[in-house]
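The structure appears below as C-alpha cells.
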Amino acid sequence: MPKLSIICTVYNAELYLKESLDSISAQTFKDFELILVNDGSTDKSRDILLKYVGSNVRLLENKYNEGIPISRNRALLEATGEYIAIHDGDDISYKERFSKEVEYLDQHPEVDFMGGHATKISHTGEFLGYMHYPPLSTADAFMVISRYKLNPIIDPSCMYRKDVVLNNGGYTMDPDLRTALDFHLWCRLLIKKHKMANLQEPLIKYRINPQGVTRTETETMVEATDAIWASFRRKEFAEVVLRKDFFQQDSFTEYCI
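Residue numbers (my numbering): 163 to 419.
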C-alpha cells in the first residue's frame, strides 16, 4: 500500500487541470496513489482526467455534481494510504510539497494535521503575493478561530492522518455548512485535542478565481462559519478553554492575522 493518498476533486476545471495534475506527476515523493473524483463536470475535465489514469491513479465519477463533502468522503473511504493530502484541481503543488509534509508527519507523531504557506497566482499564473500562516500551537489555533473565524490551515495545502479524520466522522455532510467544511473539520479535531502544524514555506500555488467570490457565496460562507463556531462554543469549546492548564501548555506566537 502507498504511504500517501492524494485526493483531487474536480468540477469544470478544464482550463487549469492539466497544469495542476502535471505538478503531482512531477513530485519528488513517489510513494503515493492519486484519487481523482470527477464531480459531474460538464466541460472537458473528464477527458483530461482519463489521460492520467494508471497504476497509481484512479478515477471515481459522480453522475451529478454532488459537491466537495460527498466527493472527498467517497475518496477517503477508497484511500489506502496512511496519510491524506488534498490537492485542488486548479492549484499547483510545488514539487517537494509531499516529501516535506510526509517527512514532517513521520518525524512528529504527535501532529495529526498540517499545512503550509501558499503563493497566490492569477488565472494566467501571474504572481499576486503570498498567504502566510503562522506555526500555530493548539491554543493559538483556538484564538485564530474564536477571534477571527478563520481557518488555521490553508485547506488545499493540508495533509493529515487518514485514521484520525475517519475516526472523527470525515467531512460534514450538512448542506448548510458545505462552504466551510474544512473549518468544521479543523474545529472538531482541535476540540478533540489533535495537534496541528504549519510549515513555514510555500507548498502550493493557490489560484485566485478571476470571477471572484460572489457576495452571496461570501455571505453563505460567513454564515456557515458563524454557525459552526456558535455550535462548538455551546457544546465543547468552553470545556476545553476553561481548563486551567489550557493556555499554559502552548506559548502564543508573535504572529497576528
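Each residue gets a CB set at the ideal place from its N, CA and C atoms; glycine is no exception.
Taking DSSP's pairing of strands, which residues face C170 in a bridge? As a working note, residue 170 is residue 8 in the sequence shown. Partner(s): L198.
How about E263 and M163: are their beta carbons less than 9 Å apart? Here residue 263 refers to the residue found at position 101 when the sequence shown is read from its first residue. Here residue 163 refers to the residue found at position 1 when the sequence shown is read from its first residue. No, the Cβ-Cβ distance between E263 and M163 is not below 9 Å.
Are the beta-carbon atoms belonging to R220 and E195 less than 9 Å from one another? As a working note, residue 220 is residue 58 in the sequence shown. As a working note, residue 195 is residue 33 in the sequence shown. A contact, by the Cβ cut-off of 9 Å.
A175 in three-state terms, based on DSSP: For the purposes of this step, residue 175 is identified with residue 13 of the sequence shown, where counting begins at 1. Residue state, collapsed to three classes: coil.
Proximal residues to G202 (C-beta, below 6 Å), its chain only, five neighbours per side dropped: Position 40 of the sequence shown, counting from 1, holds the residue named residue 202. N224, Y226 and N227.
Going straight from the alpha carbon of A342 to that of R234, what length do you get? Along the sequence shown, read from residue 1 onward, the residue named residue 342 stands at position 180. Along the sequence shown, read from residue 1 onward, the residue named residue 234 stands at position 72. So the two alpha carbons sit approximately 14 Å from each other.
Quick one: which unbroken alpha helix (DSSP H) runs of 4-plus residues sit fully inside the stretch 287-363? Chain order, please. 300-310, 324-329 and 343-353
Is S255 buried or exposed, if buried means 16 or more other CB atoms sit within 10 Å of its CB? As a position in the sequence shown, residue 255 is number 93, starting the count at 1. Flag for S255 reads buried.
Does S207 come out as helix, strand or coil in the three-state DSSP assignment? As a first step, residue 207 is located in the sequence shown; it is residue number 45 there, counting from the start. Reduced to three states, the DSSP call for S207 is helix.
How many Å lie between A241 and S167 at the Cα? Within the sequence shown, the letter at position 79 stands for residue 241. Within the sequence shown, the letter at position 5 stands for residue 167. Distance between the alpha carbons of A241 and S167: 6 Å.
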